[in-house]
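There are 4 protein chains.
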Amino acid sequence: MITGELVLLKTSHRGKVREFIVKVSDEQLHTDFGIIELSTLADKVPGDTVVAHMGQEFTIQRPKMPDFFRHAKRTGAPMMPKDIGMIIAYTGLNKNDVVLDAGTGSGVLTMYLGSIAKRVVTYEVKEDFVKVARKNVENAGLDNVELRCGDIVEEINNIDEKFDVVTLDTQNTKDVIPNIRKVLHPGGFLATYSPFFEQTKEIRDAMDAEDFYDVMTIECTEREISFSARGTRPSTTKVGHTGFITIARA
Amino acid sequence: MITGELVLLKTSHRGKVREFIVKVSDEQLHTDFGIIELSTLADKVPGDTVVAHMGQEFTIQRPKMPDFFRHAKRTGAPMMPKDIGMIIAYTGLNKNDVVLDAGTGSGVLTMYLGSIAKRVVTYEVKEDFVKVARKNVENAGLDNVELRCGDIVEEINNIDEKFDVVTLDTQNTKDVIPNIRKVLHPGGFLATYSPFFEQTKEIRDAMDAEDFYDVMTIECTEREISFSARGTRPSTTKVGHTGFITIARA
Amino acid sequence: MITGELVLLKTSHRGKVREFIVKVSDEQLHTDFGIIELSTLADKVPGDTVVAHMGQEFTIQRPKMPDFFRHAKRTGAPMMPKDIGMIIAYTGLNKNDVVLDAGTGSGVLTMYLGSIAKRVVTYEVKEDFVKVARKNVENAGLDNVELRCGDIVEEINNIDEKFDVVTLDTQNTKDVIPNIRKVLHPGGFLATYSPFFEQTKEIRDAMDAEDFYDVMTIECTEREISFSARGTRPSTTKVGHTGFITIARA
Amino acid sequence: MITGELVLLKTSHRGKVREFIVKVSDEQLHTDFGIIELSTLADKVPGDTVVAHMGQEFTIQRPKMPDFFRHAKRTGAPMMPKDIGMIIAYTGLNKNDVVLDAGTGSGVLTMYLGSIAKRVVTYEVKEDFVKVARKNVENAGLDNVELRCGDIVEEINNIDEKFDVVTLDTQNTKDVIPNIRKVLHPGGFLATYSPFFEQTKEIRDAMDAEDFYDVMTIECTEREISFSARGTRPSTTKVGHTGFITIARA
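If you read the protein sequences in the order shown, they are chains A, B, C and D.
With my numbering applied, the first sequence corresponds to residues 1 to 250, in that order.
With my numbering applied, the second sequence corresponds to residues 251 to 500, in that order.
With my numbering applied, the third sequence corresponds to residues 501 to 750, in that order.
With my numbering applied, the fourth sequence corresponds to residues 751 to 1000, in that order.
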């Protein structure tokens, strides 16, 4: 690992996994199991171990997006991986894309977008949410995400750039849609997320008024399958509804 | 658009959309609506139009992954966007990742992986599938995908590189798993796709034998919501089961 | 079997099952496999066989509700067993109940209600539907179902009887609800069926205005599991949305 | 109400509903709100009220199956209404049917069967479960249910009666199936309930070995729709998997 690189330190104590995301630096990590000199990580590669001064051994891994997701601070109910996956797959998001995103919230979707796309610009109206999101984005080591504080309904008029993909998870999404074509490349994708039917219907009506193509609203449900000595079955607990995803094309 | 760049040409005739993916070049595109000189695309930007010699107007767009997916040749039932989205989200696939994939099939998952990851190496045992996949990958303009013909069960022993993510959609996935740790970075993700319960159980047993972490099997269901003058409701037709996705961590 | 009793005759020809529902009588059944004298059924019990004059053998069974359902004439999309089952289970329908039902349609729900309840009164506004339903109800041998032609919105004012359960599957269900308490015993159940969200919301609003108890709207989904030599999995085809069922209590 | 009849007494205190199922008799009901002389119920009809000696008013209703279900004592996870509804609808259970049931458990399915069918014979291997089920069946006022203590795998050999419907919810269902035809009328229905895939596959194999017709395994999922001032959406909480229902015909 090189100086400045993010490292996931994992250890197991009494059957419970404890983990830390740190940066290779001159600093120290203080844990319940003792102190780790973070400079010692510089000689290591993923799979190596490092020992805290009280003897506890930690394995070294390169942290991945699901780790940042799990460690991210939350300001509300963040978008779930299943819904993020739908947005990525149906917009065909790739490393050449420049993305406009709003509202940021705690930045979980933004982090995923940033880890794939070339660049992400994201708007959030609440200043304290912007702070949380900025911290999460920084912790994930993403330097291609630009966080802006402001209401996308008004701010969209001040944007003079065009994007490949626009993602909207705001309460007033329907009011943003009339201006989307001004910032979205022809053939580009708009993806919206909305928990309620009434809201989703307003979004669809706004899209129809703007002649978007290939408009489709989906709900994605995931179900865990449980494997045990007793047998195999779908899980007896289940995540319920999160939100509807609407995909449209300029 | 620049020479060699891929262009999506779209036109509408009698209410039906027709589209072509072409490369900016000295060649011609022959359509039912007349001939288009592809060199003329060089001056254009997305949103411009080009006119075939018989007068039909085509709009110019930058093709995106869902376009390549729709235009790809199929050799069987390709993986659906919903399942591809799950794999991307739960492995946190990003532009720094190097991916090992098998079996390629017609290359639909491979194309998605290639459009996001730094590099993809993919194995397919059937030579004619490799040809189809190669064509699809080339048509999508992806130059970071290496297609290899061979059985991953044996070939994995000849791989001396480590990957961030491994994706397996083969009938003998359970026989590959005992060798996965040799090619997967610590903390890296293994994602498998399997249509049947019996097969999925074998995969889980093989993963347990290898002490993978955070093993989770999910089934993703998507449901389209239909909006019409009569009202809003979940679609009366529905995609049924496709496959189970199992995510595990080295 | 006794004279007048309904009999299910089943035979198999070239791997295909053919079946007839007949009444023990002096008449003849003409089939592609020859003639059967229906009087000969009088000596038989379920499990016996009868032979048509050209030598084809038919097994004798007592027809059950799913047989009548399968043989019923349709006037539109009939309610599915899954939704009928929900209504029966959540209203606790039993043999002491007297049921008010509207609109009858082809009478499929009505037949199920009639086979369980003590008595069913059902309203249908279209005369030709009433005829179809009457035929289906008679064919099912049900003599406790009273079919009335008329619009329940108006006719409910002319009903001076009280019911244990009311089931409504009409387009104007919301306009019936304000008068339901006049015909429903305290503690009795109202069950409505509505395909669209907008319609269901109107029903809920009408129920709230009338202070119904324990109001609950559910959607029931059924999924077939397929077992084959290749393995076990949920069916790759699937019935989509049918309707929402709302249960309320007076 | 007449002497011996079951009565549902409902009152509301500080926004919380309290309810009691009692029999019209010479006895007293002692509640937190005072004493009610049960003989006074004899003059009343559903919808009337009765006042406890400390002044609290109770409304009088005829209890229905969902009330008995809610008041039933539990010995484990009882079958859910959704699954009971499927069994009733797919077997076409009606008031002329005689049903064989095992294992009784706390008798919830048995109570539903008894409230619809002409007669139910049910087997339960654990004596303490039989006691609980007997109490529940009696409380529901059902006198057509015969509870027997014994293992259906062996006891089925001692049954010399034929049934219209057989319902099995036991761990050894697969061992009962080879003897089902001896107790099931031709054309009659067998319905089994099994939580796990492995168990369900064994049941299917046993049915195939016995040449049952029209064999179908389904999973029924129900989803509540939530209506609030904020909007309409599927519930964010959800019941997960319960069991698979297999329907087969003799």
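Every residue gets a Cβ at the ideal spot worked out from N, C-alpha and C, and that includes glycine.
1. Contact criterion: CB-CB distance below 7 Å. Does Gly900(D) meet it with respect to chain A?
2. Could you pull out every residue in the same chain whose Cβ sits closer than 8 Å to the Cβ of Phe254(B), ignoring the five residues on either side in sequence?
3. From which residue to which residue does the beta strand (DSSP E) around Ala89(A) run?
4. On the three-state DSSP scale, how would you describe Ala206(A)?
5. So with Cβ pairs under 7 Å, would you call Ile116(A) a contact of chain B?
6. I'd like the ranges of any beta strand (DSSP E) spanning at least 3 consecutive residues and lying wholly in the stretch 772 to 838 of chain D.
7. Alpha carbon to alpha carbon, what distance is there between Arg869(D) and Val849(D)?
8. With 9 Å as the C-beta to C-beta threshold (strictly closer), list the residues of the stretch 302 to 320 of chain B near chain A in chain order.
9. Under 8 Å Cβ-Cβ, which residues of chain C neighbour Thr971(D)?
10. So within the stretch 415 to 470 of chain B, which uninterrupted beta strand (DSSP E) runs reach at least 3 residues, ignoring any that extend past its ends?
11. What residue range does the beta strand (DSSP E) around Thr482(B) cover?
12. Can you confirm whether Glu78(A), when its beta carbon is compared against all beta carbons of chain D, has any partner nearer than 7 Å?
13. Please determine if the stretch 212 to 225 of chain A and the stretch 140 to 147 of chain A are in contact, where contact requires at least 3 C-beta pairs separated by less than 8 Å.
14. Out of Gly15(A), Thr40(A) and Val17(A), point me to the one whose CA is closest to Glu292(A)'s CA.
15. Out of Ala52(A), Met111(A), Leu38(A) and Gly188(A), which one is the CA nearest neighbour of Arg274(A)?
16. Please list the partners that Gln699(C) has in chain B, where partner means a Cβ-to-Cβ separation under 8 Å.
17. What would DSSP say about Lys16(A), mapped onto helix, strand or coil?
18. Examine chain A for any beta-carbon lying closer than 7 Å to the beta-carbon of His435(B), and answer yes or no.
19. If you run the structure through DSSP and keep just helix, strand and coil, what is Lys868(D)?
20. When the cut-off is 7 Å and only beta carbons count, does Phe946(D) lie next to chain A?
21. Please report the residue range of the alpha helix (DSSP H) in which Ile152(A) lies.
22. Identify the residues that DSSP records as bridge partners of Tyr623(C): which are they?
23. Any idea what DSSP makes of Lys885(D), helix, strand or coil?
24. Which residue comes first and which comes last in the beta strand (DSSP E) that contains Ala248(A)?
25. Please compile the residues from chain A whose C-beta is within a distance smaller than 7 Å of the C-beta of Arg454(B).
26. Please list the partners that Leu508(C) has in chain D, where partner means a Cβ-to-Cβ separation under 9 Å.
27. How many angstroms separate the CA atom of Glu224(A) from the CA atom of His71(A)?
28. State buried or exposed for Lys82(A), treating a residue as buried only when at least 16 other CB atoms are found within 10 Å of its CB.
29. At 7 Å on the CB atoms, spell out the chain C contacts of Pro928(D), in chain order.
30. Please tell me whether Thr917(D) and Ala941(D) are closer than 7 Å, where the distance is taken between their beta carbons.
31. With Ile152(A) and Ala77(A) assumed to form a contact (beta carbons below 8 Å), what rounded beta-carbon distance in angstroms separates them?
32. Which residues mark the beginning and the end of the beta strand (DSSP E) in which Thr237(A) is found?
33. Less than 7 Å between the C-beta atoms of Glu722(C) and Cys970(D), yes or no?
34. Looking at Gly547(C): is its Cβ nearer than 7 Å to the Cβ of Gly835(D)?
35. So, under 8 Å CB-CB, Val295(B) and Ile286(B) are touching, yes? Tell me the CB distance rounded to an integer number of Å.
36. Please classify Lys314(B): is it buried, with 16 or more other beta-carbons within 10 angstroms of its beta-carbon, or exposed?
The short version:
1. On the fourth sequence, residue 900(D) is found 150 positions in, with the first residue counted as 1. No, Gly900(D) does not count as interfacial toward chain A.
2. For the purposes of this step, residue 254(B) is taken as residue 4 along the second sequence, with counting starting at 1. Inspection of the sequence shows that residue 254(B) is occupied by Gly rather than by Phe. Closer than 8 Å at the Cβ level, and outside the excluded window around Gly254(B), lie Lys273, Val274 and Ser275.
3. Within the first sequence, residue 89(A) is the residue found at index 89, counting from 1. Segment Pro81 to Thr91 is the alpha helix (DSSP H) holding Ala89(A); no beta strand (DSSP E) there.
4. On the first sequence, residue 206(A) is found 206 positions in, with the first residue counted as 1. Ala206(A): helix per DSSP, three-state reduction.
5. The count along the first sequence starts at 1 and reaches residue 116(A) at position 116. Yes, Ile116(A) lies at the interface with chain B (some Cβ there is under 7 Å from its Cβ).
6. 778 to 781, 784 to 787, 799 to 801 and 807 to 811
7. If you number the fourth sequence from 1, residue 849(D) lands on position 99. If you number the fourth sequence from 1, residue 869(D) lands on position 119. So the two alpha carbons sit approximately 6 Å from each other.
8. Thr309, Ile310, Gln311, Arg312, Pro313, Lys314, Met315, Pro316, Asp317, Phe318 and Phe319
9. Locating residue 971(D) in the fourth sequence gives position 221, where the first residue counts as 1. Neighbours of Thr971(D) on chain C, chain order: Cys720, Thr721, Glu722 and Arg723.
10. 434 to 444
11. Taking the second sequence and counting its residues from 1, one reaches residue 482(B) at position 232. Its beta strand (DSSP E) spans residues Gly481 to Pro484.
12. The sequence position of residue 78(A) within the first sequence is 78, counting from 1. This sequence places Pro at residue 78(A); Glu is not what is there. So, not an interface residue.
13. no
14. There is no way to answer for residue 292(A), as the model of chain A reaches only from 1 to 250.
15. A query on residue 274(A) cannot be resolved here, the shown segment of chain A reaching from 1 to 250 and no further.
16. Position 199 of the third sequence, counted from the start, is the residue given in the question as residue 699(C). Those are Gly481, listed as they occur along chain B.
17. Locating residue 16(A) in the first sequence gives position 16, where the first residue counts as 1. Of the three classes helix, strand and coil, the one that applies to Lys16(A) here is strand, per DSSP.
18. Walking along the second sequence from the start, residue 435(B) turns up at place 185. Output row for His435(B): interface = yes.
19. One-based indexing of the fourth sequence puts residue 868(D) at position 118. Coil.
20. On the fourth sequence, position 196 is the one that residue 946(D) refers to. Closer than 7 Å: yes.
21. Locating residue 152(A) in the first sequence gives position 152, counting from the first residue. Where Ile152(A) is concerned, the enclosing alpha helix (DSSP H) stretches over Ile152 to Glu155.
22. The residue labelled residue 623(C) in the question sits at position 123 within the third sequence. Looking at the DSSP assignment, Tyr623(C) forms a beta bridge with Ala602(C) and Arg648(C).
23. By 1-based counting over the fourth sequence, the position of residue 885(D) is 135. Looking at Lys885(D) - three-state DSSP - the assignment turns out to be helix.
24. The residue given as residue 248(A) occupies position 248 in the first sequence. Counting along the chain, the beta strand (DSSP E) containing Ala248(A) begins and ends at Phe244 to Arg249.
25. Taking the second sequence and counting its residues from 1, one reaches residue 454(B) at position 204. Within 7 Å Cβ-Cβ: Phe227.
26. To locate residue 508(C), count along the third sequence from 1; it is residue 8. Ordered by position in chain D, the residues that pass the 9 Å Cβ test against Leu508(C) are Gly937.
27. The residue labelled residue 224(A) in the question sits at position 224 within the first sequence. The residue labelled residue 71(A) in the question sits at position 71 within the first sequence. Straight-line Cα distance between these residues: approximately 22 Å.
28. Translated into the one-based positions of the first sequence, residue 82(A) becomes position 82. Answer is buried; the Cβ neighbour count reaches 16.
29. Looking up residue 928(D) in the fourth sequence gives position 178. Chain C residues near Pro928(D): none, gap ~18 Å exceeds 7 Å.
30. For this step, residue 917(D) is matched to residue 167 along the fourth sequence. For this step, residue 941(D) is matched to residue 191 along the fourth sequence. In contact: Thr917(D) and Ala941(D) (Cβ atoms closer than 7 Å).
31. In the first sequence, the residue the question calls residue 152(A) occupies position 152. In the first sequence, the residue the question calls residue 77(A) occupies position 77. Wrong, their Cβ atoms sit about 20 Å apart, outside the cutoff.
32. The sequence position of residue 237(A) within the first sequence is 237, counting from 1. Per DSSP, Thr237(A) belongs to the beta strand (DSSP E) from Thr237 to Val239.
33. Start at 1 with the first residue of the third sequence, and residue 722(C) comes out as number 222. Start at 1 with the first residue of the fourth sequence, and residue 970(D) comes out as number 220. Yes, these two residues count as a Cβ contact at 7 Å.
34. Within the third sequence, the letter at position 47 stands for residue 547(C). Within the fourth sequence, the letter at position 85 stands for residue 835(D). Not closer than 7 Å, so no.
35. Indexing the second sequence from 1 puts residue 295(B) at position 45. Indexing the second sequence from 1 puts residue 286(B) at position 36. Not a contact, Cβ separation roughly 17 Å.
36. The residue given as residue 314(B) occupies position 64 in the second sequence. Counting Cβ neighbours within 10 Å, Lys314(B) comes out buried, since at least 16 surround it.
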